[in-house]
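Asker: Please see the structure below; I have some questions.
In this note's numbering, the protein residues as written are 143 to 398.
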């Protein structure tokens, strides 16, 4: 199997990747990996910001992420679903970009587009490897691994990426989305048009989430990822020597 890019992160809308796995992308790029983003929609039905504003903001945020390129599939905002047409669009992206690792939203989230995006990408990852599925969308391709990133719903991770060194750049990438973050008249009872991301404490909540997951591995910041399959290790001794995260301050309950 020939690969084109090391990591391709799918986001339901522009700004989702920055908010929820931006630190991971920044760190991987800093480590020398070729990273990229594919936004599924243009976020054109958002309460705030024009498509033109969002495009400019996305370009600025992409520079902070350090990604090699960013695609937009132009799927319908608020209507993401694992329909044949949308699955084929994602299959075509996978076959064209040929990522080793695929990042996708976790399958549960308060926003219907977010949850649908996870299922859509998972389905596309499966069918991208089926030779006779949409042959017009490119040659059969199978990535090494599908990894889910958590959004607003809590997710038990397979592992946590130490994003401590990326925290400042992640904050700058998020800040690029001024049209989404701006408070119009003050979020709250007096705001005629509030949104979750423009509410007081919204960015602090993202910071708190990253600090919580970081505390689980003894780091200042972290981002959780969950594998779609059981992970295998060739050399556990070498793995834990190279990744000595032994100063955890928060713990998951042990499940029998």
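Idealized CB from N, CA, C, for every residue including glycine.
Just curious, the alpha helix (DSSP H) that residue 200 is in, first and last residue?
Answerer: The residue given as residue 200 occupies position 58 in the chain shown. Start and end: 193 to 207.
Asker: By Cβ distance below 6 Å, which residues in the same chain neighbour residue 159 in space, the five residues on each side in sequence not counted?
Answerer: Mapped onto the chain shown, residue 159 falls at position 17. Closer than 6 Å at Cβ, skipping near neighbours: 151, 153 and 179.
Asker: Grouping DSSP H, G and I as helix and E and B as strand, with all else coil, what is residue 290?
Answerer: By 1-based counting over the chain shown, the position of residue 290 is 148. Three-state DSSP puts residue 290 in a strand.
Asker: Between the region 189 to 208 and the region 223 to 240, do at least 3 Cβ pairs fall closer than 8 Å?
Answerer: As far as the Cβ criterion goes, the region 189 to 208 does not touch the region 223 to 240, which means the pair count is below three.
Asker: In terms of DSSP beta bridges, what is residue 369 paired with?
Answerer: Mapped onto the chain shown, residue 369 falls at position 227. DSSP lists 289 as partners of residue 369.
Asker: Rounded to the nearest angstrom, what separates residue 258 and residue 222 at their Cα positions?
Answerer: Counted from its first residue, the chain shown places residue 258 at position 116. Counted from its first residue, the chain shown places residue 222 at position 80. Spanning the two alpha carbons is a distance of roughly 6 Å.
Asker: Is DSSP giving residue 361 helix, strand or coil here?
Answerer: Counting from 1 along the chain shown, the entry for residue 361 is found at position 219. If DSSP states are grouped into helix, strand and coil, residue 361 belongs with coil.
Asker: Please report the distance separating the alpha-carbon of residue 166 from that of residue 274.
Answerer: Translated into positions along the chain shown, residue 166 becomes position 24. Translated into positions along the chain shown, residue 274 becomes position 132. Rounded to the nearest angstrom, the two C-alpha atoms are 34 Å apart.
Asker: Pull up the DSSP beta-bridge partners for residue 374, would you.
Answerer: Mapped onto the chain shown, residue 374 falls at position 232. BP columns for residue 374 are empty, so no partner.
Asker: Report the rounded CA-to-CA distance for residue 382 versus residue 210, giving the unit in angstroms.
Answerer: To locate residue 382, count along the chain shown from 1; it is residue 240. To locate residue 210, count along the chain shown from 1; it is residue 68. Answer to the nearest angstrom: the Cα atoms are 30 Å apart.
Asker: What residue range is occupied by the uninterrupted alpha helix (DSSP H) comprising residue 162?
Answerer: Here residue 162 corresponds to residue number 20 of the chain shown, with the count starting at 1. It spans 158 to 172 - the alpha helix (DSSP H) in which residue 162 sits, taken as one unbroken run.
Asker: If you follow the beta strand (DSSP E) that residue 186 is in, where does it begin and where does it stop?
Answerer: The residue given as residue 186 occupies position 44 in the chain shown. Premise fails: residue 186 is in no beta strand (DSSP E) and is neither H nor E.
Asker: Could you name the residues of the same chain whose beta carbon sits closer than 6 Å to that of residue 155, not counting the 5 residues immediately before and after it, in chain order?
Answerer: By one-based count along the chain shown, residue 155 stands at place 13. 183 and 185.
Asker: Are three or more beta carbon pairs between the region 334 to 352 and the region 260 to 279 nearer than 8 Å?
Answerer: At 8 Å Cβ cutoff, the stretches do not touch.
Asker: Taking a contact to mean a Cβ-Cβ separation below 9 Å, would you say residue 254 touches residue 270 in this structure?
Answerer: Your numbering for residue 254 matches position 112 in the chain shown. Your numbering for residue 270 matches position 128 in the chain shown. Not closer than 9 Å, so no.
Asker: Using only alpha-carbon positions, find the residue among 354, 216 and 251 that is nearest to residue 392.
Answerer: Along the chain shown, read from residue 1 onward, the residue named residue 392 stands at position 250. When only C-alpha atoms are compared, the closest one is 354.
Asker: Based on the DSSP secondary-structure assignment, which residues constitute the bridge partners of residue 241?
Answerer: Position 99 of the chain shown, counting from 1, holds the residue named residue 241. Partner(s): 147.
Asker: Candidates 145, 364 and 169: which alpha carbon is nearest residue 390's?
Answerer: In the chain shown, the residue the question calls residue 390 occupies position 248. Answer by Cα proximity: 364.
Asker: By the DSSP assignment, the alpha helix (DSSP H) with residue 262 in it spans what residues?
Answerer: Counting from 1 along the chain shown, the entry for residue 262 is found at position 120. Looking at the DSSP string, the run of the alpha helix (DSSP H) that includes residue 262 is 254 to 270.
Asker: Use the C-beta contact count for residue 328: other C-beta atoms within 10 angstroms, 16 or more gives buried, fewer gives exposed.
Answerer: Working through the chain shown from its first residue, we reach residue 328 at position 186. Any reading at residue 328 needs caution, since the residue's pLDDT is 48, under 50, leaving its predicted position unreliable; the model's value is listed next. Residue 328 comes out exposed.
Asker: Leaving aside the five residues before and after residue 379 along the sequence, list all residues of the same chain whose C-beta is less than 7 Å from its C-beta, in chain order.
Answerer: Here residue 379 corresponds to residue number 237 of the chain shown, with the count starting at 1. None.
Asker: Under 8 Å: does the beta carbon of residue 373 sit that close to some heavy atom of the ligand HEM?
Answerer: Looking at this structure, you won't find the ligand HEM or any other ligand, since it has none at all.
Asker: Should residue 340 go down as buried or exposed, given a rule of 16 or more other Cβ atoms within 10 Å for buried?
Answerer: Translated into the one-based positions of the chain shown, residue 340 becomes position 198. Residue 340 should be labelled buried.
Asker: Could you compute how far the alpha carbon of residue 330 sits from the alpha carbon of residue 324?
Answerer: Within the chain shown, numbered from 1, the residue matching residue 330 stands at position 188. Within the chain shown, numbered from 1, the residue matching residue 324 stands at position 182. Reliability fails at residue 330, whose pLDDT of 46 lies under 50, so the model's placement of it is uncertain and no value is given.
Asker: If you count every other CB in all the chains shown that lies within 10 Å of the CB of residue 187, and 16 or more means buried, which is it?
Answerer: As a working mapping, residue 187 is identified with position 45 in the chain shown. With fewer than 16 other Cβ atoms within 10 Å, it is exposed.
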